[in-house]
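*Asks:* Its first residue numbered -4, the sequence shown is counted upward by one per residue in my numbering.
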Amino acid sequence: MVATPIGNLKDISLRALEILASVDLVAAEDTRHTRRLLDHFEIKQKLIAFHDHNERRQTDLLVDRIKAGESVALVSDAGTPLISDPGFRLVRAARAAGLVVEAVPGASALTAALSVSGLPTDQFQFLGFLPAKGRATRLAEVHQYPGTLILYEAPHRITSLLESVLEVLGDDRELVICRELTKLYEQVAQGLVGEILDQITRGEIPTRGEFVVLISGATIVQSVAQIELDDCLRLLIAELPISKAAELAGQMLGLKRNLVYKRALALKAEPR
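1. Roughly how many whole angstroms lie between the Cα atoms of residue 85 and residue 240?
2. What is the C-beta distance between residue 191 and residue 170, in whole angstroms, given that I count them as a contact (C-beta under 8 Å)?
3. Please go through the stretch 137 to 167 and give each complete alpha helix (DSSP H) segment of 4 or more residues, from N-terminal end onward.
4. In whole angstroms, what separates the C-alpha of residue 74 from that of residue 231?
5. With DSSP as the reference, identify every bridge partner of residue 43, one or two as the case may be.
6. Could you compute how far the alpha carbon of residue 77 sits from the alpha carbon of residue 47?
7. Which residue comes first and which comes last in the beta strand (DSSP E) that contains residue 187?
8. Taking the alpha helix (DSSP H) that residue 86 falls in, what are its first and last residues?
9. Counting along the chain, where does the beta strand (DSSP E) carrying residue 199 start and finish?
10. Considering Cα atoms alone, identify which of 164, 263, 97 and 147 is closest to residue 174.
11. Tell me whether the stretch 88 to 103 and the stretch 155 to 171 touch, counting them as touching only if at least three CB pairs, one residue from each stretch, are closer than 8 Å.
12. Under three-state DSSP, which class holds residue 255?
13. For residue 226, tell me which candidate among 262, 212, 203 and 64 has the shortest Cα-Cα distance.
14. Could you pull the start and end residues of the beta strand (DSSP E) that residue 120 belongs to?
15. Can the beta-carbon of residue 69 be found less than 9 Å from the beta-carbon of residue 23?
16. Take the Cβ of residue -4 as the centre, count every other Cβ of all protein chains shown within 10 Å, and call the residue buried at 16 or more, exposed below.
17. So for residue 101, helix, strand or coil by DSSP?
18. What is the DSSP secondary structure of residue 132, counted as helix, strand or coil?
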């Protein structure tokens, strides 16, 4: 598992260059992208595509080739393999086959953003890219998590993500947004959710390049309020349709019905 730069090519490690030059084959998320990286460092290497759409098929092929004595390096387009990228099936299959799997650590947008955020690092939860459908429900599920929340988001969806964060988690959470990390136009902005949204609207934070979004954890007050809401909803859901339960809970606790309804859906989906 070979980490590659997330933007600045100088961030590649000497060990990564050595491995990429010496293995029999490099499995790459996008062979065109990886070819440019290898060409930059004058490395001539065989490449094979390994991405979400062919991961199952290629896993069997690569395991067979490794069993036959070949060495394979897996890379993603940028950063550390498997972090919001394909590869876990390959690692699992390789280990099941008794093969050695080694990490060649290096750049990761996740840890780079966390290191410059100024938010607590002793506890954090990585949520990756949240699906547009069900995004609010997923945020409601981590509403009372006390540690830092970390998400990835594409430029065309960053505004809608922050609007969901504002609606579900409220505007009292500190938020850090990182854009173009390690690149020429790297940008790190900090503020409340509404403040960051305003900066995007005004064009102070361009919607270009992938984003890392970090959100401060729930305070004790927020956690207590969430527990009170959850307890109330669980009692009502057991006796009433979910919509009616959300309506009553919202009236009792003075909360917006749409927020309560989304939390009710999350509770309803929990395994019993």
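For every residue, glycine included, the Cβ atom is placed at its ideal position computed from N, Cα and C.
*Replies:* So, from the listed chains and residues:
1. Reading the sequence shown from its first residue, position 90 is the one you call residue 85. Reading the sequence shown from its first residue, position 245 is the one you call residue 240. Straight-line Cα distance between these residues: approximately 45 Å.
2. Start at 1 with the first residue of the sequence shown, and residue 191 comes out as number 196. Start at 1 with the first residue of the sequence shown, and residue 170 comes out as number 175. At roughly 5 Å, the Cβ-Cβ gap stays under 8 Å, so residue 191 and residue 170 are in contact.
3. 153 to 164
4. Looking up residue 74 in the sequence shown gives position 79. Looking up residue 231 in the sequence shown gives position 236. In a straight line, the C-alpha of residue 74 is about 46 Å away from that of residue 231.
5. As a position in the sequence shown, residue 43 is number 48, starting the count at 1. Answer is 22, bridged to residue 43.
6. For this step, residue 77 is matched to residue 82 along the sequence shown. For this step, residue 47 is matched to residue 52 along the sequence shown. Between residue 77 and residue 47, the C-alpha separation is close to 11 Å.
7. On the sequence shown, residue 187 is found 192 positions in, with the first residue counted as 1. 182 to 187 is the span of the beta strand (DSSP E), which, as asked, contains residue 187.
8. For the purposes of this step, residue 86 is taken as the residue at position 91 of the sequence shown. First-last of the alpha helix (DSSP H) with residue 86: 83 to 91.
9. Start at 1 with the first residue of the sequence shown, and residue 199 comes out as number 204. Where residue 199 is concerned, there is no enclosing beta strand (DSSP E), given that its DSSP letter is neither H nor E.
10. In the sequence shown, the residue the question calls residue 174 occupies position 179. The shortest C-alpha separation from residue 174 is found at 147.
11. no
12. Counting from one through the sequence shown, the residue named residue 255 turns up at place 260. It is helical.
13. One-based indexing of the sequence shown puts residue 226 at position 231. Among 262, 212, 203 and 64, the Cα nearest to that of residue 226 is on 262.
14. Within the sequence shown, the letter at position 125 stands for residue 120. Unbroken beta strand (DSSP E) run through residue 120: 119 to 124.
15. Numbered from its first residue, the sequence shown carries residue 69 at position 74. Numbered from its first residue, the sequence shown carries residue 23 at position 28. Yes, the pair counts as a contact, with Cβ atoms nearer than the cut-off.
16. Mapped onto the sequence shown, residue -4 falls at position 1. Buried.
17. Along the sequence shown, one-based indexing puts residue 101 at 106. The answer is coil: DSSP assigns residue 101 none of H, G, I, E or B.
18. Numbered from 1 along the sequence shown, position 137 holds the residue referred to as residue 132. Correct three-state label for residue 132: helix.
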